[in-house]
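S.K.: As given, the protein sequences belong to chains A and B, one line each in that order. Per the numbering used here, residue 1 is the first one in the first sequence, and the count goes up by one each step. Per the numbering used here, residue 1 is the first one in the second sequence, and the count goes up by one each step. Backbone N, C-alpha and C fix where the C-beta goes; we use that ideal spot for every residue, glycine too.
2 protein chains.
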Amino acid sequence: MNRLSIFGIHGIPEVRTGDDLAGLILAAAAGQGTPLADGDVLVVTQKVVSKAEGRLVDIDPAVGHRAIVERESVRVLRRRGELIISETAHGFVCANAGVDLSNVEQGRAALLPVDPDRSARRLRDAVRGATGLHVGVVVSDTFGRPWRRGVTDVAIGCAGIAGVVDLRGSTDGLGRELQVTEVAVVDEVAAAAELVMGKASRVPAAVVRGLERSWLRDGEVRREVLRRPGDDLFR
Amino acid sequence: MNRLSIFGIHGIPEVRTGDDLAGLILAAAAGQGTPLADGDVLVVTQKVVSKAEGRLVDIDPAVGHRAIVERESVRVLRRRGELIISETAHGFVCANAGVDLSNVEQGRAALLPVDPDRSARRLRDAVRGATGLHVGVVVSDTFGRPWRRGVTDVAIGCAGIAGVVDLRGSTDGLGRELQVTEVAVVDEVAAAAELVMGKASRVPAAVVRGLERSWLRDGEVRREVLRRPGDDLFR
């Protein structure tokens, strides 16, 4: 029987530009008695990745964070009041271009990493370098969605785990070819991890243990998960 | 430290109209050595709920399943080739109005339950009646989404678990009020459960154990999660 175990990594200190984020996470995981293991998938929130990478900017008080949101957007899909739904240079469609003010010093804003898949690869490599362990890494962020209320966590970058698992050609329990073929497992992993993080409790990393081993291959959010505008019925 | 354990329930027989679905699930969970426990959340796929409720229809070979999709739709948002993105009478926006041909007898189609929140309440009550246990129940289905490739599982009905958890008024780690306030935990639970189900392996139910107890209150997908068209920027 397949069984997943999911737990948060507590005790990670406030992250600053240039910090060895992998080292902080490994130490905290070991410190709480749950060291990482081969085959684990480590989910890390965008916020601490952006902080470690120095993706923080000052907000000009004369114009507020709105100017930053406009600058980070390549295409605005919708506006309503203070809310802007836009596409970022990466190809993410989200509120406020992913610019975030919570859990950031007053007067500063956190931008998305320049290349979140690369951020994930660096974390994976740093974990491997420090411990020899092969883990997957997911960088997660909190996005809204059309048609449904409430936010959920999704993957903005990954390494060592598939973005989408292709079940094309598999048959269902009655021997018929499956209609639904491609599952965005990396987004489901991000969502699952959020359940142990809690927005307010400063748990910026979690471990998902026990995932199907065949999913732990090289993956990429940008190439696998982001829909190209021409393939998209809603852009 | 909060820790989730998630496992599939194997050995559930092919479900037929009128079956005691809760009884089949309880027996299979006990049979594999993982009986349900107080505070568990049981995630059950739409497919077996629809089968147990007899939500199966014959496909008229002259017109195919397309006519059923049209009948189940109250509003068509997009069409491309065979694909229809539409709104159902429940208020779900999804492909083909949730009409499903996989894991269903040839020539038949499975419709969504009439009221999936009610389906979840009935399952919860049946579990309580048979065992005395208080569990949450989520009825899940597999939906696509705009802007991102791949499908993920979401909740179409729930009972005994919150749809959306409101973090309004909470403060972040730096004492500032959180910007992001409402988390659709019920969708994250559905996504997490899908990771142990696997589309092709006929595991139509899973248990999520260890969720925050305060989330295990009366919830409803329709009232909490579905965005009303007037509040929706994409309809």
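1) Does DSSP put Ala109 of chain B in a helix, a strand or coil?
2) Using only alpha-carbon positions, find the residue among B:Gly150, B:Gly64, B:Gly23 that is nearest to Thr131 of chain B.
3) Closer than 8 Å by beta-carbon distance: list the chain B residues that pair up with Ala184 of chain A, in chain order.
4) Assuming contact is defined by CB atoms lying nearer than 8 Å, are Gly260 of chain A and Ser5 of chain A in contact in what I supplied?
5) Per the contact definition of three or more C-beta pairs closer than 8 Å, is the stretch 188–198 of chain B in contact with the stretch 146–153 of chain B?
6) Given a threshold of 16 other Cβ atoms within 10 Å of its Cβ, counted over all protein chains shown, does Asp58 of chain A qualify as buried or as exposed?
7) In chain order, what residues of the same chain have a beta carbon less than 6 Å from the beta carbon of Val63 of chain B, not counting five sequence neighbours either side?
8) Should the stretch 14–21 of chain A be regarded as contacting the stretch 40–57 of chain A, the criterion being three or more beta carbon pairs within less than 8 Å?
9) Give the DSSP bridge partners of Phe143 of chain A, in chain order.
10) Would you report the Cα separation of Val69 of chain B and Gly98 of chain B, rounded to the nearest angstrom?
11) Note the first and the last residue of the continuous alpha helix (DSSP H) segment covering Val49 of chain A.
12) Within 10 angstroms of its Cβ, does Asp187 of chain B collect 16 or more other Cβ (buried), or is it exposed?
13) CB Ile156 of chain A to CB Val221 of chain A, shorter than 8 Å?
14) If I measure Cβ to Cβ from Asp100 of chain B and keep anything under 7 Å in the same chain, skipping five residues before and after, which residues do I get?
15) Just the C-alpha distance for Asn2 of chain A and Val207 of chain A, rounded to the nearest angstrom, thanks.
16) What is the C-beta distance between Val225 of chain B and Ala184 of chain B, in whole angstroms, given that I count them as a contact (C-beta under 8 Å)?
17) Taking beta-carbon pairs under 8 Å, can you tell me which members of the stretch 215–229 of chain A lie near chain B?
18) Strictly below 8 Å CB to CB, what residues from chain A border Glu188 of chain B?
19) Residues of chain B with CB closer than 7 Å to the CB of Arg80 of chain A, please, in chain order.
20) Of all the residues that make up the stretch 68–92 of chain B, which are near chain A by a beta-carbon distance shorter than 9 Å?
21) With respect to the alpha helix (DSSP H) encompassing Leu56 of chain A, which residues constitute its N-terminal and C-terminal limits?
22) Quick test of your reading: Gly219 of chain B and Ile161 of chain B, contact by CB under 8 Å. State the CB separation rounded to the nearest angstrom.
23) Under 8 Å between C-beta atoms, does Leu112 of chain B make it to chain A?
24) How many angstroms separate the CA atom of Asp115 of chain B from the CA atom of Val49 of chain B?
25) According to the neighbour-count rule (16 or more other Cβ atoms, all chains shown, within 10 Å of its Cβ), is Ala30 of chain A buried or exposed?
26) In the DSSP assignment, find the unbroken alpha helix (DSSP H) run with Ala29 of chain A in it and report its ends.
27) For Leu123 of chain B, count the other beta carbons within 10 Å of its own beta carbon; 16 or more makes it buried, fewer makes it exposed. Which is it?
28) In whole angstroms, what separates the C-alpha of Val237 of chain B from that of Trp147 of chain A?
29) Would you say Ser5 of chain B faces chain A, with C-beta separation under 8 Å as the test?
30) 8 Å is my cut-off, CB to CB: does Arg108 of chain A come that close to chain B?
31) According to DSSP, simplified to helix, strand and coil, what is Gly98 of chain B?
32) Given this structure, state the Cα-to-Cα distance separating Thr34 of chain A from Pro13 of chain A, to the nearest angstrom.
33) Taking all protein chains shown into account, decide if Leu112 of chain B is buried (16 or more other Cβ within 10 angstroms of its Cβ) or exposed.
34) So, is the C-beta of Val164 of chain B closer than 8 Å to a C-beta in chain A?
35) Looking at the C-beta of Arg145 of chain B, does it have a partner C-beta in chain A at a distance below 8 Å?
36) Using beta carbons (cut-off 8 Å, strictly below), is Gly23 of chain A in contact with chain B?
M.R.: The short version:
1) For Ala109 of chain B, the secondary structure class from DSSP, reduced to helix, strand or coil, is strand.
2) Of B:Gly150, B:Gly64, B:Gly23, the residue nearest in Cα terms is B:Gly23.
3) Those within 8 Å of Ala184 of chain A in chain B are Arg148, Arg149, Gly150, Val151, Thr152.
4) With chain A covering only 1 through 235, there is no way to say anything about residue 260 of chain A.
5) Counting Cβ pairs under 8 Å, three or more are found: they touch.
6) Its Cβ having fewer than 16 others within 10 Å, Asp58 of chain A is exposed.
7) Around Val63 of chain B: no qualifying Cβ.
8) The stretch 14–21 of chain A is in contact with the stretch 40–57 of chain A.
9) Per DSSP, A:Thr152.
10) Using only the alpha carbons, I get a separation of about 8 Å.
11) Residues 46–52.
12) Around the beta carbon of Asp187 of chain B, 16 or more other beta carbons lie within 10 angstroms, which makes this residue buried.
13) Yes, these two residues count as a Cβ contact at 8 Å.
14) Hits under 7 Å: Lys47, Ala109, Ala110.
15) Computed Cα separation, rounded: 16 Å.
16) Right, their Cβ atoms sit about 6 Å apart.
17) If the cut-off is 8 Å between Cβ atoms, the stretch 215–229 of chain A has Glu224, Val225, Leu226, Arg227 near chain B.
18) Proximity of chain A to Glu188 of chain B at the Cβ level (cut-off 8 Å) is accounted for by Thr152, Asp153, Ala191, Ala192, Glu194, Leu195, in chain order.
19) Simply Leu233.
20) Listed in sequence order: Leu77, Arg78, Arg79, Arg80, Leu83, Ile85, Glu87, Gly91, Phe92.
21) The continuous stretches of alpha helix (DSSP H) do not include Leu56 of chain A, which lies in the beta strand (DSSP E) extending over residues 56–58.
22) At roughly 5 Å, the Cβ-Cβ gap stays under 8 Å, so Gly219 of chain B and Ile161 of chain B are in contact.
23) It does not; no Cβ of chain A falls within 8 Å.
24) Each residue's CA atom was taken as its position, placing Asp115 of chain B and Val49 of chain B some 11 Å apart.
25) It counts as exposed.
26) First-last of the alpha helix (DSSP H) with Ala29 of chain A: 21–31.
27) By the beta-carbon neighbour count (other beta carbons within 10 angstroms, threshold 16), Leu123 of chain B is buried.
28) In the structure as shown, chain B begins at 1 and stops at 235. Residue 237 of chain B is therefore absent and cannot be evaluated.
29) Yes - at least one Cβ of chain A is within 8 Å of the one on Ser5 of chain B.
30) No, no contact with chain B.
31) It is helical.
32) Cα to Cα, Thr34 of chain A sits roughly 17 Å from Pro13 of chain A.
33) With a 10 Å radius around the Cβ and a threshold of 16 neighbouring Cβ atoms, Leu112 of chain B comes out buried.
34) Yes, Val164 of chain B counts as interfacial toward chain A.
35) Chain A contact via Cβ: present.
36) Look at Gly23 of chain A: its C-beta is not under 8 Å from any C-beta on chain B.
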